[in-house]
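Chemist: Just so you know, we're using this note's numbering here: the sequence shown kicks off at 278 and counts up by one. For each residue, glycine too, the CB sits at the ideal point set by N, CA and C.
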Amino acid sequence: MTHSQPAGPIVVSSRTVEEYRTHFVLSDAELTAGPILDCPGGASEFGAAVRAAGGSCTSVDPRYGLVPGDLERIVEEEHARVVEWISKQPERYRFAEDGLWERARPWRRAADTFLADYLHDRNAGTEHYVAATLPELPFEDGRFNLVLSGFLLFTYSDLFDEGFHTAAIIELLRVCSGEVRLHPLNDTRGRRYRYLPALLETLRARGVGVRLCRVQSSVDPTDDQTLILTPGGS
């Protein structure tokens, strides 16, 4: 069952590496197989987890231009906003025995991991976190073996029109040499993106390989599909 209440402005979410693995159908080998782009990265622990496992990951988000203290305040505010929004939808999300959304604590831990890694990145100058905004990314063609984009495209169809979706996906494909994986295909109300069929036809006409993959979300059961794209239909 879906809910009619939208999430509002774009959420800075603190998703866990386990959620990424489920949403984007990621194997152990894929985490370390080559450079990964996470766009937008938000306050996820994913990039830090990939690097800790020996892999390479660059996270992109417009808020990565902020100093660590300012970003930490935003992450704290966003975590509280998400928990409050979800608490009003008991028919859609799962809750612990104490009444707290069951993903609230894992997200809090993921946020802590992200913030510590972001601070280290800024101090060390390793540039694992890059400030940029779709549909323009500061990377050369084919830079990344795997490109992941979650909870932006399709999710905020009330904020971004068809033209933005097309341009953003084409840009993600440009910097990819392997696969682009997009999740979910629903908006924040749990409704499927209405222009998806037309978008897929546009991509196929450009020679892009298109595949829909069934997944099982631990966050929102309605987010049950991931779109997998291959540049040039390879």
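1) Exposed or buried, what is residue 351 when buried is set at 16 or more other beta-carbons lying within 10 Å of its beta-carbon?
2) How about residue 494 and residue 387: are their beta carbons less than 8 Å apart?
3) Assess, as a yes-or-no matter, whether the segment 402 to 416 is touched by the segment 314 to 324 under the definition of 3 or more beta carbon pairs within less than 8 Å.
4) Using a Cβ-Cβ cut-off of 7 Å (strictly less than) and excluding sequence neighbours within five positions of residue 434, which residues of its own chain qualify?
5) Is it right to say residue 533 is buried, meaning 16 or more other beta carbons lie within 10 angstroms of its own, or is it exposed?
6) Would you grab the beta carbon distance between residue 312 and residue 293 for me? Rounded to a whole angstrom, and I think it's under 8 Å.
7) Have a look at 324, 366 and 425 and flag the residue whose alpha-carbon is nearest the alpha-carbon of residue 395.
8) By the 10 Å Cβ neighbour count, where 16 or more other Cβ atoms means buried, how is residue 445 classified, buried or exposed?
9) Looking at C-alpha atoms only, which residue of 480, 442, 503 and 456 is the closest neighbour of residue 307?
10) Compare the beta carbon distance of residue 448 and residue 412 with 8 Å and say whether it is the shorter of the two.
11) Whose C-beta lies closer than 7 Å to the C-beta of residue 303 among residues of the same chain, with five residues either side of it excluded?
12) Just reading off the beta strand (DSSP E) that residue 456 is part of, what are its end residues?
13) Closest to residue 339 by C-alpha separation, out of 333, 331 and 348, would be which residue?
Modeler: This is what the structure holds:
1) exposed
2) no
3) yes
4) 464 and 470
5) No statement about residue 533 is possible, as the shown extent of the chain runs from 278 to 511 and does not include it.
6) About 21 Å; that fails the 8 Å criterion.
7) 324
8) buried
9) 456
10) yes
11) 297
12) 453 to 460
13) 348
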